[in-house]
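Okay, so here's the structure we're looking at.
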Amino acid sequence: MNASQWRLRRHICSREDFEAYLKEGETLTKEKFYPLVEMEELQEHADAISWKSPRPSGFLENDRAMALIFPCGKQEAPTVIILHVLMSASDRGYRRWAKKFNDQGWNVALLHLPFHYSRIPAHFFNGELAITGNLIRFGETVRQAVMEVRQLMAFFRARGCKEFGLWATSYGGWIGALTLSLEKDFCFACLMQPIVNPEHTIWKSPASGMLRRLLSGPQITAEDIARHSHLTSPIDSDPVCDPSRILIFGGTFDTLSPVSELEKLHSRWRGSHLMIFPQGHFGYTIMNEAYRVCLPYLQDHNLPVAS
9 MNASQWRLRR HICSREDFEA YLKEGETLTK EKFYPLVEME ELQEHADAIS
59 WKSPRPSGFL ENDRAMALIF PCGKQEAPTV IILHVLMSAS DRGYRRWAKK
109 FNDQGWNVAL LHLPFHYSRI PAHFFNGELA ITGNLIRFGE TVRQAVMEVR
159 QLMAFFRARG CKEFGLWATS YGGWIGALTL SLEKDFCFAC LMQPIVNPEH
209 TIWKSPASGM LRRLLSGPQI TAEDIARHSH LTSPIDSDPV CDPSRILIFG
259 GTFDTLSPVS ELEKLHSRWR GSHLMIFPQG HFGYTIMNEA YRVCLPYLQD
309 HNLPVAS
């Protein structure tokens, strides 16, 4: 992350432009910041759908949203939406999880988050444009992603789907957590080491040391970031779905999404479940445990999610 931020050190917004962006955001609610708008230029492929992004970034490749579709055989079946990690190296593991959900009678959609996979602009690496010193693009990328998740859910609703699951990790967990404050049709949500406090991610995480150094140039501070938290920070939101259906997983040694921040989210989202396992931000324990906890619910919707 630090090497990528250094490589993109010229991608930084001015203090004046960021101030104007913050002032505009102060008048907005989440519902207005992440509106649900109709898909445009929808194309359905054999194993994917693509459409025009509702929030153009100015990068041609990124402005075409894409989701891989893994059907279980029933169009109206419940659907799990998978949101991947930042700078995800491969979707191979997500495909394996999709097969597991298919076996339980769930359709699956893997959304390519902005600037990842099929949406990487020429001359850039996978996902690196999502988080840079250009904090306006940073915020707008989160905005773009949440709006696309909502559009994807509307796509499945139009085809008879009434229930959704969420399988989201790290950066994808951030997008997923924000979506939970806007969409009520989630039967279960697994947030695995989600980013829940942008202030901590930028100003305290070791992965953002170079970003902090770059932001010192235009004199952008933690207080400035906090002014946008009502729109982009999950710990400043409340879910509109049943919080007892939300599972939050953390790692004891995670410094990017520390347990202390997840505890704040769990405390605010009363009724949610917080589970901590001995791993860092990267590891395989939590995802396996998340599936174990969810499996009874996947098989019988009347059972409680957590155990």
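Per my numbering, the sequence shown runs over residues 9 to 315. The beta-carbon is built from N, C-alpha and C at its ideal position, and this holds for glycine as well.
Pick from the options that is closest to residue i, judged by C-alpha positions
i	options	result
A85	P64, D71, A117, F123	A117
G181	G217, L273, Q159, S126	L273
A166	T87, D308, F257, T263	T87
E32	F123, L44, I144	I144
G322	R127, L222, M200, W59	With the chain represented from 9 up to 315, any question about residue 322 goes unanswered, as that position is not in the structure.
P214	A130, P266, M74	P266
F67	G217, H131, L30, T177	H131
M47	Y179, M74, G279	M74
S65	I284, G217, E148, I256	E148
R17	I139, G291, C249, L255	I139
S237	V204, F257, L264	V204
L94	D55, A56, M9	M9
P206	R235, H92, L190, E39	R235
V150	H124, A162, M161, G168	H124
A56	F290, S126, G135	S126
W277	V45, T177, A185	A185
S12	C21, E27, E136, E24	E136
P129	L222, N70, I90	N70
D308	C195, G259, E34, S241	C195
N134	R63, L219, H92, C21	H92
G90	I284, A153, L36, L44	Checking the displayed sequence, the identity of residue 90 turns out to be Ile instead of Gly. The option with the nearest alpha carbon to I90 is A153.
I183	L303, I284, P202	P202
L119	N142, L76, M161	L76
P122	F163, G141, M218, P62	P62
P260	I254, L282, E34	According to the sequence as given, residue 260 is Thr; it is not Pro. Here the closest residue by C-alpha is L282.
T187	I254, E27, R72, S58	I254
S280	K40, I256, T263	I256
E34	F146, D250, T240	T240
L44	E191, Y29, F146, G168	E191
T37	S189, M218, C198	S189
P304	F146, L222, H19, F109	F109
Y323	C249, S22, R220, F146	Because the chain is modelled from 9 through 315, residue 323 falls outside the range shown and cannot be assessed.
Reduced DSSP secondary structure (H/G/I, E/B, other) of residue i
i	result
F290	coil
K31	helix
C302	helix
F67	coil
T229	coil
F26	helix
L76	strand
K192	coil
Q83	coil
H53	coil
D308	coil
N296	helix
N205	coil
S216	helix
L36	coil
S12	helix
R221	helix
Bridge-paired residues (DSSP) for residue i
i	result
E48	K60
L2	Since the first residue shown for the chain is 9 and the last is 315, residue 2 is missing from the structure and cannot be characterised.
V88	V116, G173
I2	This structure gives no information on residue 2, because the portion of the chain shown stretches from 9 to 315.
F41	None, per the DSSP bridge assignment.
Practice problem: Could I get the ranges of all uninterrupted alpha helix (DSSP H) runs contained in the segment 238-288, with 4 residues as the minimum, in chain order? | Solution: 267-276
Practice problem: Would you check if there are 3 or more beta carbon pairs closer than 8 Å linking the segment 77-84 to the segment 107-119? | Solution: yes
Quiz prompt | Segment contact, 8 Å Cβ cut-off, at least three pairs: the segment 89-108 with the segment 38-52 | solution = no
Quiz item: Can you find at least 3 beta carbon pairs, one from the segment 170-182 and one from the segment 226-234, that sit closer than 8 Å?
Solution: no
Practice problem: Within the segment 91-167, note down every full alpha helix (DSSP H) run reaching 4 residues or more, in order along the chain. | Solution: As far as the segment 91-167 is concerned, its whole alpha helix (DSSP H) runs of at least 4 residues are 100-111, 143-165.
Quiz item: Does the segment 92-101 touch the segment 154-165, meaning 3 or more C-beta pairs lie closer than 8 Å?
Solution: Taking 8 Å as the limit for Cβ pairs, the verdict is that the segment 92-101 does not touch the segment 154-165.
Practice problem: Inspect the CB distances between the segment 229-248 and the segment 200-213 and report whether three or more fall short of 8 Å. | Solution: yes
Quiz prompt | Inter-stretch contact at 8 Å, needing at least 3 Cβ pairs: the segment 237-245 / the segment 281-297 | solution = no
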